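When the letters of the sequence shown are read in order and numbered with UniProt numbering, they come out as residues 1 to 280.
So the structure is just underneath, and the comments pick up after that.
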Amino acid sequence: MTSLSSSAFLFLCLLSSPFLSNANTKAKLGFSTDLIHRDSPSSPIYNPSETSSQRLRNAIHRSINRGLHFSGQDASVSSPQTELTSYDGEYLMNISLGTPPRPIMAVADTGSELLWVQCKPCDSCYPQDDPIFDPKASSTYKDVSCSSSQCNSFSKAGAASCFTKDNTCSYDIRYGDFSYTKGNFAVDTLTLGSTNNRPVQIKNMIIGCGHNNAGSFKKKEDGIVGLGASPVSLISQLGESINGKFSYCLVPLDSKDNPTSKINFGTNAVVSERELSQLL
Numbered sequence: 001m002t003s004l005s006s007s008a009f010l011f012l013c014l015l016s017s018p019f020l021s022n023a024n025t026k027a028k029l030g031f032s033t034d035l036i037h038r039d040s041p042s043s044p045i046y047n048p049s050e051t052s053s054q055r056l057r058n059a060i061h062r063s064i065n066r067g068l069h070f071s072g073q074d075a076s077v078s079s080p081q082t083e084l085t086s087y088d089g090e091y092l093m094n095i096s097l098g099t100p101p102r103p104i105m106a107v108a109d110t111g112s113e114l115l116w117v118q119c120k121p122c123d124s125c126y127p128q129d130d131p132i133f134d135p136k137a138s139s140t141y142k143d144v145s146c147s148s149s150q151c152n153s154f155s156k157a158g159a160a161s162c163f164t165k166d167n168t169c170s171y172d173i174r175y176g177d178f179s180y181t182k183g184n185f186a187v188d189t190l191t192l193g194s195t196n197n198r199p200v201q202i203k204n205m206i207i208g209c210g211h212n213n214a215g216s217f218k219k220k221e222d223g224i225v226g227l228g229a230s231p232v233s234l235i236s237q238l239g240e241s242i243n244g245k246f247s248y249c250l251v252p253l254d255s256k257d258n259p260t261s262k263i264n265f266g267t268n269a270v271v272s273e274r275e276l277s278q279l280l
């Protein structure tokens with residue numbers, strides 16, 4: 001995995017609306033999401049007993065560990081805001097999946113191609129603190145079948161296979177650090193929180209429902225929000241509505257003027273008077 005580094009922030013912004021905003025529209029959108037540093041008092045994993053020197057030492061260790069992950073490209077693939085929290089050098093994004101919305105905390109990962117979560121029934125799942133997502137509890141969940149045009153296009157791209165007995169379109173993603181997730185493609189409604197209290201709904205979002213997952217995942221991580229360039233990433237599925245654009249801005253943990261880092265999408269992704277680096 002190539003997650004956002006510990007200095008990154010995720011912001012999602014969308015056109016304001018008095019009610020739920022629907023990202024499945026031709027309108028140009030902009031939305032932003034907060035990233036909460038793991039050592040911030042606002043973080044759910046904040047350890048008040050740590051000293052500043054201990055936090056610095058731990059940050060150095062996390063930086064070294066993340067450096068080992070930079071080779072972890074996917075080896076194979078068979079005005080609203082949402083909070084993100086860094087965890088062991090990663091940022092966690094608070095999203096909701098399904099109808100009714102089920103809270104999910106997932107790693108925001110610019111090197112991953114798919115939004116996936118651990119799903120019931122679990123053939124083999126790593127331990128997580130939150131209840132595992134149950135597709136049967138969502139009225140908008142639907143498996144992607146092998147006969148669908150979606151699965152056909154995924155198969156041509158080498159991202160899917162159809163060897164299951166139940167005719168569901170399957171995936172098998174392996175990361176450079178030997179972590180992996182196996183499961184089936186599905187569609188469901190994704191809801192992103194908002195700092196202006198106007199949640200953003202993305203209907204018919206293609207997701208991965210992982211039934212066999214293992215590796216370096218932590219208990220606070222329910223899955224991954226892929227921000228890569230594949231057709232099934234969050235960025236690609238938002239598509240023309242955000243002009244395929246996103247940016248993120250990192251602020252120091254001790255910053256008093258702007259304590260929150262953000263990742264911006266669409267019209268909110270404009271960066272002015274800053275040095276830019278191309279993301280390959």
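By construction, the Cβ of each residue, glycine as well, lies at the ideal position given by its N, Cα and C atoms.
In this text the structure is predicted, and so the values were computed from the model without any measurement.
I need the boundaries of the alpha helix (DSSP H) containing S236, first residue and last residue.
234 to 238
For H211, which of A186, I60, S139, D129 has the nearest alpha-carbon?
A186
Under 8 Å, do K120 and D134 count as touching if we go by C-beta distance?
yes
Burial state of G266 (16 or more Cβ within 10 Å)
It is buried - the Cβ of G266 has at least 16 other Cβ atoms within 10 Å.
Report the residue from K182, E50, F154, C169 whose alpha carbon sits nearest the alpha carbon of C125.
The shortest CA-to-CA distance from C125 to any of K182, E50, F154, C169 is the one to K182.
Once DSSP output is grouped into helix, strand and coil, what is the label at P18?
Only weak support exists for where P18 lies, its pLDDT of 30 falling under 50; the coordinates are left without a value.
Using the three-state DSSP reduction, which class does P135 fall into: helix, strand or coil?
helix
DSSP three-state call for G89: helix, strand or coil?
Note that G89 has pLDDT 49, beneath the 50 cutoff, so the model's placement of it is unreliable and the number below is only indicative. If DSSP states are grouped into helix, strand and coil, G89 belongs with coil.
Quick one: give me the first and last residue of the beta strand (DSSP E) that Q201 is part of.
200 to 214
Continuous beta strand (DSSP E) stretch holding Q128: start and end:
Per DSSP, Q128 belongs to no beta strand (DSSP E) and is neither H nor E.
Going by Cα to Cα distance, which pick from S149, N184, V107, Y175 is closest to K165?
Ranking S149, N184, V107, Y175 by Cα distance to K165 puts N184 first.
From G223 to Q118, what does the alpha carbon distance come to, in whole angstroms?
6 Å
Alpha carbon to alpha carbon, what distance is there between S49 and S148?
53 Å
So, S155 versus C162, is the Cβ gap smaller than 8 Å?
yes
Identify the continuous beta strand (DSSP E) that holds C249 and give its terminal residues.
Unbroken beta strand (DSSP E) run through C249: 246 to 249.
So, with DSSP's three-state summary, where would you put F185?
strand
If you count every other CB in all the chains shown that lies within 10 Å of the CB of E240, and 16 or more means buried, which is it?
exposed
Whole angstroms is fine: what's the gap from E204's alpha carbon to F178's?
It should be pointed out that residue 204 corresponds to Asn in this sequence rather than to Glu. Straight-line Cα distance between these residues: approximately 30 Å.
Cβ separation of M105 and E221, assumed to be a contact under 8 Å, to the nearest whole Å
Confirmed, Cβ separation roughly 7 Å.
Quick one, are the C-beta atoms of L190 and I95 less than 8 Å apart?
Cβ distance < 8 Å, so L190 and I95 count as in contact.
Among S170, I173, Y91, which has the Cα closest to the Cα of K218?
Y91
Would you mind sorting L56 into buried or exposed? The rule is 16 or more other CB atoms within 10 Å of its CB.
Counting Cβ neighbours within 10 Å, L56 comes out exposed, since fewer than 16 surround it.
Looking at the unbroken beta strand (DSSP E) that takes in I242, where does it start and where does it end?
Segment: none, I242 is in no beta strand (DSSP E) and carries neither H nor E.
Is Q201 buried or exposed, if buried means 16 or more other CB atoms sit within 10 Å of its CB?
buried
When the Cα of C169 is compared with those of Y175, G176, A159, which residue comes out closest?
The closest CA to that of C169, considering only Y175, G176, A159, is found on A159.
Excluding sequence positions up to five away, which residues of its chain have a Cβ less than 7 Å from the Cβ of A141?
Rather than Ala, the amino acid found at residue 141 in this sequence is Tyr. Excluding residues within five positions, the ones whose Cβ falls inside 7 Å are G98, P135, A186, D188.
CA nearest to the CA of S230, picked from R198, L115, S145, A214:
L115
Once you ignore the five residues that flank I207 on each side, which residues in its own chain have a CB closer than 8 Å to its CB?
L97, L114, L115, W116, V117, F185, A186, V187, D188, L190
Reducing DSSP to helix, strand and coil, say where F31 ends up.
DSSP places F31 within a strand segment (E or B) once states are collapsed to three.
Just to confirm, is the Cβ distance from V225 to A137 under 8 Å?
no
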